[in-house]
Amino acid sequence: MDNCRRKNPFAGIKVTRWIRFGFATALYIAFTVWLGNYYLLFGLILLVDIYLTKYIPWGCWKKTKNPTLNKALEWVDAILYALVAVYLINNFLFQNYKIPTSSLEKSLLVGDYLFVSKVSYGPRVPMTPLSFPLAQHTLPVFNCKSYFEKPQIAYRRLKGLGTVRRNDIVVFNFPTGDSVPTRISNPDYYTLCYMEGADRVRNNKAVYGDIVYRPVDRRENYVKRCVGMPGDLFEIRDNQIYIDSVAAENPSNLQFNYYVMLSSPEARLSNAQFEELGVSVEDRTLIPNDYRYYDILSYLGFERNANGRFNTAYRLPLTEKGLKRLASMPVVTKVVQEPGGAFGGEVFPLGSGFGWSRDNFGPLYIPRKGDTIVLTPENWKVYERAIRNYEGNEACLSDGKFFINGKEATSYTFKMDYFFMMGDNRDNSADSRYWGLVPEDHIVGKPIFVWLSLDPDKGWFDGHIRFDRVFRSVESLVK
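Residues 0 to 478 (numbering that gives the first Met the number 0) are what the sequence shown spells out, left to right.
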């Protein structure tokens, strides 16, 4: 009778193994509930065997009589474990992001490394789940895709700690980065097609390269300030943002471009003066003193000197504080703010004929999920891309009639919220004024703090690390 009695598989298991099992099980159940996929609970059976019963010899592949091979397999095991951990952390908890451009100066600086929280707005379930960690879209060295295009999962966002709020600094996927010429990344593909012609861009591979498509979560990451929320009537009048016809509060580090004339052709601003003004090397533009630029300087109201030429002139982005300091410098004779229009280039929607510019934009209604609009030829220019590209419809305007998914339509109901993003360095920021609205499924996360800040204009022993910014909260830097 005793010989027939089956041995208890849990007998003799050490307490430490039970503790590890309990901890792993609690995390697994919490993640499954958060993910909302309760089929994953069947994975608890594997956890029981991994930590307790060990019927399956999980580590047998690492056991070999060859010590060299055994050591190599241990490294493989450690690397695989690390890759899985990094994958889960990057997709569901947080990721690193480095500020690449000056579009948010002086709030966030080039060389700031940000801790970007995914849980602040809720992480997206990975749309391209089979991917290599730490590579956005291209594997370095190999120069190939860092992800498999299939399978692709429909957009779904897990519950987070909050939602995007006005004036939040937000990391998001570049909306018009779905189609990318491999040889030219700026301007974007759609602007290139508008400027150069679609056939030329597609067919001239020597100049533009192949045109590759990128899924939403594999598009370039951008960081901007959210200045327009779903349901807002957004407008810019003479550089001032208005929401529902009420002037919005401006960030303290807001800056615009100014043309600056000095007292003589030989005069120059020193590095110390530029640093006092907070102007990085990247943003210091010395206007060449040749005839090609004379019309621009004359248009701005600058006068020639006694020799018929112009004195030294700069184009600089300045905050209000920096502008006052510049104007007080004895070497400065005149300062003129850069106008919009031709200086700002074409804005969204391209070719609309609306007469909008970088400094005077809108009014534009920002759609909210569930909003229904009556379609007109005018608003079609604004919302066509959202309806077709972002919300996945076949849509066209033909003979004055609108067709959505093969059926004539007079109205459209939006499936997602949309946002308007801008940089604080207003005249040096490629933002929603140029490429339009940001759909909610493109939102990546919220920068929480700067964990490292490196000044690209200085050496390691000359202030390369900005210690005054390290471990500073983003909120304290961008008010």
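We put the beta carbon where it would ideally sit given N, CA and C, even for glycine.
Every unbroken stretch of the beta strand (DSSP E) spanning 3 or more residues and falling wholly within the segment 344 to 369 is given here in chain order: 360 to 364. Ala394 counts as buried, since at least 16 other C-beta atoms from the protein chains shown sit within 10 angstroms of its C-beta. Under the three-state reduction of DSSP, Glu234 is assigned to strand.
With respect to Val331, Val280 sits apart: the two C-beta atoms are not nearer than 8 Å.
The Cβ-Cβ distance between Met420 and Lys223 falls below 8 Å. In terms of Cα proximity to Gly277, the closest of Arg324, Asp231, Ile240, Asn306 is Arg324.
Counting the other Cβ atoms within 10 Å of the Cβ of Glu73 gives fewer than 16, which makes it exposed. Our two residues, Gly110 and Asp461, have alpha carbons roughly 15 Å apart in a direct line. If only complete runs of 4 or more residues are kept, the segment 183 to 254 shows the alpha helix (DSSP H) at 188 to 195, 197 to 202, 204 to 207, in order along the chain. Contiguous beta strand (DSSP E) elements confined to the segment 374 to 459 occur at 394 to 397, 400 to 403, 406 to 408, 410 to 412, 417 to 421, 442 to 452, taking only those with 3 or more residues.
The way I'd put it, the segment 212 to 232 does touch the segment 400 to 419; three or more beta-carbon pairs between them come closer than 8 Å.
An exposed status is given to Ile18, since fewer than 16 other beta-carbon atoms sit within 10 Å of its beta-carbon. For Gln272, the three-state secondary structure derived from DSSP is helix. In the three-state reduction of the DSSP assignment, Asp48 falls in the helix class. Distances from the CA of Asp370 to each of Lys380, Asn359, Ile386 were compared; the closest alpha carbon is that of Ile386.
Close CB contacts of Thr181 within its chain, under the 7 Å cut and outside five residues either way in sequence, are with Gly208, Asp209, Val211 (chain order).
One Cα belongs to Val115, the other to Gly307, and the distance between them is close to 54 Å. With respect to Leu46, Ala23 sits close: the two C-beta atoms are nearer than 8 Å. Secondary structure at Tyr257: strand, using DSSP grouped into helix, strand and coil. In this chain, the alpha helix (DSSP H) harbouring Lys320 covers 319 to 326.
Residue environment analysis places Met194 among the exposed positions, since fewer than 16 neighbouring C-beta atoms fall within 10 angstroms of its C-beta. Within the same chain, and ignoring the five residues on either side of Pro250 in sequence, the residues whose Cβ sits closer than 6 Å to its Cβ are Asp423. Look at the beta carbons and you see the segment 172 to 188 not touching the segment 147 to 154: under three pairs across the two are nearer than 8 Å. If you draw a straight line from the Cα of Ile447 to the Cα of Val85, it comes to about 19 Å. Leu160 is classed as exposed because its beta carbon has fewer than 16 other beta carbons within 10 Å across all chains shown.
Proximity of the segment 255 to 274 to the segment 288 to 303 meets the contact definition, three or more beta-carbon pairs being nearer than 8 Å.
In this structure, the CA atom of Pro348 is about 15 Å from the CA atom of Asp358. In the DSSP annotation of this structure, the continuous segment of the alpha helix (DSSP H) that includes Thr15 starts and ends at 14 to 34.
With a cutoff of 8 Å on beta-carbon distance, Phe147 and Lys117 are scored as not near each other.
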